[in-house]
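Take a look at the structure below.
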Amino acid sequence: MFKKTSLLILTVFTLFLNSAFALDKTLVLGGKDGWPRLSRMDGVVLGKGKFGYGAMVLATNSRRLDSDTDILVNFEGGTVKDESGKYKVVTNAIVPSSKSYMGKYSGLALGKGGVSLSGNSETIFGKSGSTGSFLIEFWLRPAIAENGEIVFSWRSSRTVANYPLYQMITASFTNNHLQWGFTNVFNGYVDNGGEITLTSYRTIVPDQWMHHSISFDQDTGLLEYRINGLLESLKYVTTSGHETGGSIYNPVIGVPAAIDICPEYTGMIDDFRIQRTSVSEIAETLRHDTYKTDGGRFETEPILLSPETQLKKIDALVNIPAQTDIEFFVRSGDNYYNWTDSYPEWIPVKNKKDIENVRGLYFQIAAELYPDGNGKNSPSVTEMKIVYEEVPSPLPPFTVIPVPGDGQVTLEWSHSVDDTVGGYYIFYGDRPSEYLGRESSLGVSPVDVGNVNSVTVTGLKNGKIYYFAVASYSKYDSKIMGDLSKEVYARPRK
Numbered sequence: 001m002f003k004k005t006s007l008l009i010l011t012v013f014t015l016f017l018n019s020a021f022a023l024d025k026t027l028v029l030g031g032k033d034g035w036p037r038l039s040r041m042d043g044v045v046l047g048k049g050k051f052g053y054g055a056m057v058l059a060t061n062s063r064r065l066d067s068d069t070d071i072l073v074n075f076e077g078g079t080v081k082d083e084s085g086k087y088k089v090v091t092n093a094i095v096p097s098s099k100s101y102m103g104k105y106s107g108l109a110l111g112k113g114g115v116s117l118s119g120n121s122e123t124i125f126g127k128s129g130s131t132g133s134f135l136i137e138f139w140l141r142p143a144i145a146e147n148g149e150i151v152f153s154w155r156s157s158r159t160v161a162n163y164p165l166y167q168m169i170t171a172s173f174t175n176n177h178l179q180w181g182f183t184n185v186f187n188g189y190v191d192n193g194g195e196i197t198l199t200s201y202r203t204i205v206p207d208q209w210m211h212h213s214i215s216f217d218q219d220t221g222l223l224e225y226r227i228n229g230l231l232e233s234l235k236y237v238t239t240s241g242h243e244t245g246g247s248i249y250n251p252v253i254g255v256p257a258a259i260d261i262c263p264e265y266t267g268m269i270d271d272f273r274i275q276r277t278s279v280s281e282i283a284e285t286l287r288h289d290t291y292k293t294d295g296g297r298f299e300t301e302p303i304l305l306s307p308e309t310q311l312k313k314i315d316a317l318v319n320i321p322a323q324t325d326i327e328f329f330v331r332s333g334d335n336y337y338n339w340t341d342s343y344p345e346w347i348p349v350k351n352k353k354d355i356e357n358v359r360g361l362y363f364q365i366a367a368e369l370y371p372d373g374n375g376k377n378s379p380s381v382t383e384m385k386i387v388y389e390e391v392p393s394p395l396p397p398f399t400v401i402p403v404p405g406d407g408q409v410t411l412e413w414s415h416s417v418d419d420t421v422g423g424y425y426i427f428y429g430d431r432p433s434e435y436l437g438r439e440s441s442l443g444v445s446p447v448d449v450g451n452v453n454s455v456t457v458t459g460l461k462n463g464k465i466y467y468f469a470v471a472s473y474s475k476y477d478s479k480i481m482g483d484l485s486k487e488v489y490a491r492p493r494k
């Protein structure tokens, strides 16, 4: 009676220990250990999150190239160059800075030199002739906004009726206002010595980012200056001085010449761009969302766990400012090599909420981040805890008995006390703990013998010693194998 009771207690205790393996496990991405390599980061970068840890945040909305781009100097990558490839840097004294407004880098001008760029024959300033519509824009954060500081300069000349005309376009500071000057640029315009001046209405404040743009519309003759998208000054460059009732003085470039950005300026500049843009496109061009309103997305690499693992929950440490949002998605499968962008299907899940019916060998997690309606605030994901439950590894047989025979060994064992067992693997070899056997007619070690409790390993050599071990595998998946039993040995003989 005592033996039966002890065996029952031992069996129950063994099952309890095995069930403990089914407790939830956690995989942590981000946080104090940092983020691993991700398979996709679209509009998302590594920024600063809670407790000073790195976090996934929206990338700032740096300017992009398009078919109308004449030049784009965005300082990304810590370099000073034209992203369109149409302008070459002649000289440069601007230093890249991580204190940017758009993108990851800006340019820091130290008062003298700036950057000088020469355009090819496809550019506005690299060939003679009419420019058509244009837009010059940039972000500016001056250190002092001192009188006489020059942010933009182009100087050239053209010949009219055999008479040389000096040409100039400048943007410079005067009494804490930025003033644009166009001299002999608009063909036929002779008022005020051929000079047109547009000055900002508002005062330029040092150490504050502001967006500046000057644009000309060839269809209306409208030349206008805006700061942060708001109108500061305008002039119709027409014979009537108005939108109607006169002909347009179009801008004409003479001898090709380099443009100078920040030749005499102290402070930061970001996303300097010139566009060939019509008036119908200016409103959209001048919209400056810090973050793209359609948001961004990141995806983890496929994560290998174990067969039939059940995903239970995503417990993410996030920051979601007002009107921003984060959506999480998961997918799973047994072979990620045939996965595409849409297969297996992404399943939306809620942060910190239970997940049902998502299991497999591989898992992938994705998150989409959305800014507020003004594109000014970004949510962040500092850490993701992936809570999952693995199918427990089944227990091996408690004892294995080898019985040698003529060219064979019969192995006998009692069934595992684990009710998750679906069958058994037989391991064999001719050296202790090295189960590399290939001689048996049953096949190469290990051999799947199914859910039995005895098997005869045939095709062995008489007089040679063999070592054996038995392992259980799960009824949920034969790839889920438990520990090996205690090793036994036998020597076949007639």
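At position 156 of the sequence shown (counting the first as 1) the number is 156 in my numbering, and the numbers step up by one without a gap.
Virtual Cβ for every residue (Gly too), placed ideally from N, Cα, C.
- Membership of P307 in the beta strand (DSSP E) is indicated by the continuous run 303–319.
- Sequence-distant Cβ neighbours of S445 in its own chain, meaning closer than 8 Å and more than five residues away, are I426, F427, Y428, G429, Y435, L436, G437, R438.
- Annotated three-state conformation of G423 is strand, per DSSP.
- Its Cα nearest to that of G254, the residue T183 stands out among T244, Q208, T183, I150.
- Taking a C-beta distance under 8 Å as the contact criterion, Y489 and P402 qualify as a contact pair.
- In the three-state reduction of the DSSP assignment, D217 falls in the strand class.
- The residue from G193, T290, E390 with its alpha-carbon nearest to that of N228 is T290.
- For Y163, the enclosing beta strand (DSSP E) begins and ends at 163–174.
- Judged by pairs of C-beta atoms under 8 Å, the segment 451–462 touches the segment 408–416, as three or more such pairs exist.
- For T324, same chain residues with a beta-carbon under 8 Å away, outside a window of 5 residues either side, are L369, Y370, P371, D372, N377, S378, P379 in chain order.
- Counting along the chain, no beta strand (DSSP E) covers P432, and no H or E run does either.
- Within the same chain, E149, I150 come within 6 Å of E264 by CB-CB distance, once the 5 residues on both sides are set aside.
- Segment contact: the segment 307–314 against the segment 335–354, three or more CB-CB distances shorter than 8 Å; contact assigned.
- In its chain, beyond the 5 residues on either side, G43, L58, E368, L369, Y370, P371 have a beta carbon closer than 8 Å to the beta carbon of G295.
- In the structure shown, the three-state DSSP call for G31 is helix.
- At a Cβ-Cβ threshold of 8 Å, T123 and I204 do not count as neighbours.
- In the pairwise beta carbon analysis, the segment 257–273 is classified as touching the segment 87–100: at least three pairs are separated by under 8 Å.
- As for any beta strand (DSSP E) of minimum length 3 sitting wholly inside the segment 127–208, the runs are 134–142, 150–160, 163–174, 177–183, 195–199, ordered along the chain.
- T69 is the residue among V90, S478, T69 whose C-alpha sits nearest the C-alpha of S84.
- As the crow flies, the alpha-carbon of S240 is around 11 Å from that of Y189.
- Secondary structure of Y337 (DSSP, three-state): helix.
- For I124, DSSP assigns no beta-bridge partner whatsoever.
- For A366, DSSP records a beta bridge to E299, F329.
- Per DSSP, the unbroken beta strand (DSSP E) holding T410 starts and ends at 408–413.
- G267 and S200 have their alpha carbons spaced roughly 18 Å apart.
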